[in-house]
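A.B. asks: After the structure tokens below, expect a handful of questions from me.
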Amino acid sequence: MYIFYSTLKSHELPNYASIHNIEKKHPQTIIKHNSSAFEEKLYPYEFEDFDSQETKNVNVWLNQVLYAGLFKFKFRNTKFKVNIGLNLREYYRNINDYLSISKQKKLNYFIRGKELSKFLQIQDYCIYPNIYAQAIAFSRIINESEFILLKFGKDDFEGIYFDPTLNKEKQHYTLGPGVGEFLTDFNFEGPQNGGNPAENKQSKQIETKIKFQSNQYIKNQILRKINKLITLKPDASIVVVRDAAISPYVGDILASKIRSEKVKFVISEANSIASEGLYLIDEFESLDSSHTKVGVAISKGKSIFTSK
């Protein structure tokens, strides 16, 4: 197993976040149990549940999440250029839902009892597949110019044969079903040692079942898709990542089922890597000191923001 190390700053935000003022006198009475709340030095705010399923307009919750995440970074700069990442299926099926982002949002806050306003501005943005951004991040540390990247997720399997000379649309991608339909214990953390005999036996049975189910999943659902990528360069290294729903232990088992001597399983969670890759991509027409660049990897349930 390998760990992807980052020198950048990141934070997570639920995809059900909206921005609300917290009254200065008694903020603790307003913060709900299920909200993600924090208090900046002078800006008391609450990030509260905001269910995107309650509206037909994706942009409503997208703008809430983006500006909430930018605000939470506590940047002095108020102008941003943002690279947004989507899962492969969402990118090709629903990308038009993400093309109308508000250029600015007004936030109100308190200083010494006085309410003031702060404008945050997204002056430009680009959208990419998350797996392309993951490949960009790995391209900075892997010794090969071209390689294969596979991502195992609960809902989807994604793959890319990454060629740094090609843009995002000309890369070779593959998409398949996730492990959620085929593995019953994909969040299993590994066999227990030192417990009571009954627990050890049950843990061993789960391990055996996962190995069998993983083998069947790869063989019947994914192998043909992987082989299509391998034919592009049979000796290419294969990097394997997993989404947060899948445990590192199960991710390592899945990687071990791929018949190649050049498979590397990376324990780090896929969208954390994607957000770093999104930050590294720089295709904006201009970027100067008046702008802060941010990578935002959006997945089901949460978004990860990365910047310097």
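Positions in the sequence shown are counted from 1; adding 127 to them yields my numbering. Idealized CB from N, CA, C, for every residue including glycine.
1) Report the option in 204, 353, 368 whose CA atom is closest to the CA atom of residue 361.
2) For residue 210, name the three-state secondary structure that DSSP assigns.
3) Residue 137 by DSSP, collapsed to three states: which one?
4) Whose CA, out of 139, 407, 426, 389, lies closest to the CA of residue 275?
5) Give the DSSP-derived three-state secondary structure of residue 251 in the structure shown.
6) Under 7 Å, do residue 432 and residue 196 count as touching if we go by C-beta distance?
7) Who pairs with residue 421 in a beta bridge, going by DSSP?
8) Do residue 260 and residue 428 have their beta-carbon atoms positioned less than 7 Å apart in this structure?
9) Pick from 366, 421, 285, 247: whose alpha carbon is nearest that of residue 231?
10) Let's see if you can read the secondary structure: which residues bound the beta strand (DSSP E) around residue 381?
11) Tell me whether the beta-carbon of residue 257 lies closer than 7 Å to the beta-carbon of residue 408.
12) Taking DSSP as the reference, what is the three-state secondary structure of residue 416?
13) Within 10 angstroms of the Cβ of residue 316, are there 16 or more other Cβ atoms? Answer buried if so, exposed if not.
14) By the three-class DSSP mapping on this structure, what secondary structure does residue 430 have?
15) Just to confirm, is the Cβ distance from residue 384 to residue 337 under 7 Å?
16) Give every residue of the same chain whose Cβ lies closer than 8 Å to the Cβ of residue 396, excluding the five residues on either side of it in the sequence, and list them in chain order.
17) Buried or exposed: which applies to residue 332, given that a residue is buried once 16 or more other Cβ atoms fall within 10 Å of its Cβ?
18) Can you find the residues in the same chain that come closer than 8 Å, C-beta to C-beta, to residue 305, ignoring five residues on each side of it along the sequence?
19) What residue ranges within the segment 257–339 form continuous alpha helix (DSSP H) runs of no fewer than 4 residues, ordered along the chain?
20) Give the range of the alpha helix (DSSP H) segment to which residue 399 is assigned.
21) Among the candidates 400, 215, 240, whose CA atom is the shortest distance from the CA of residue 442?
22) For residue 329 and residue 198, what's the separation of their Cα atoms in angstroms?
23) Give me the residue from 263, 267, 307 with the minimum Cα distance to residue 295.
24) Please classify residue 270 as buried or exposed, where buried requires at least 16 other C-beta atoms within 10 Å of its C-beta.
25) How would you label residue 245, buried or exposed, when you count the other beta carbons within 10 angstroms and need 16 or more for buried?
26) Tell me which residue opens and which closes the alpha helix (DSSP H) that residue 365 is part of.
27) So, helix, strand or coil for residue 68, using DSSP?
28) Does residue 435 come out as helix, strand or coil in the three-state DSSP assignment?
29) Once the 5 residues before and after residue 318 are set aside, which same chain residues still bring their CB inside 7 Å of it?
30) Thinking C-beta only, is residue 252 closer than 7 Å to residue 228?
31) If I measure Cβ to Cβ from residue 378 and keep anything under 8 Å in the same chain, skipping five residues before and after, which residues do I get?
C.D. replies: Quick answer:
1) 353
2) strand
3) If DSSP states are grouped into helix, strand and coil, residue 137 belongs with the strands.
4) 389
5) strand
6) yes
7) Assignment of beta-bridge partners to residue 421 by DSSP yields 209.
8) no
9) 247
10) Not the beta strand (DSSP E): residue 381 falls in the alpha helix (DSSP H), residues 375–383.
11) No, the pair does not count as a contact, with Cβ atoms beyond the cut-off.
12) coil
13) exposed
14) strand
15) No, the pair does not count as a contact, with Cβ atoms beyond the cut-off.
16) In its chain, beyond the 5 residues on either side, 368, 369, 370, 371 have a beta carbon closer than 8 Å to the beta carbon of residue 396.
17) exposed
18) 279, 280, 281, 282, 283, 284
19) 257–266
20) From DSSP, the alpha helix (DSSP H) with residue 399 extends over 397–407.
21) In the structure as shown, the chain begins at 128 and stops at 435. Residue 442 is therefore absent and cannot be evaluated.
22) Taken atom to atom, the span from the alpha-carbon of residue 329 to that of residue 198 is near 46 Å.
23) Of all alpha-carbon atoms in 263, 267, 307, the one lying nearest the alpha-carbon of residue 295 is that of 263.
24) Classification of residue 270: exposed, given that the 10 Å Cβ count is below 16.
25) Burial call: exposed.
26) Segment 365–369 is the beta strand (DSSP E) holding residue 365; no alpha helix (DSSP H) there.
27) Here the chain has residues from 128 to 435 only, and residue 68 is not among them.
28) coil
29) 330, 331, 334
30) yes
31) 279, 367, 368, 369, 392, 394
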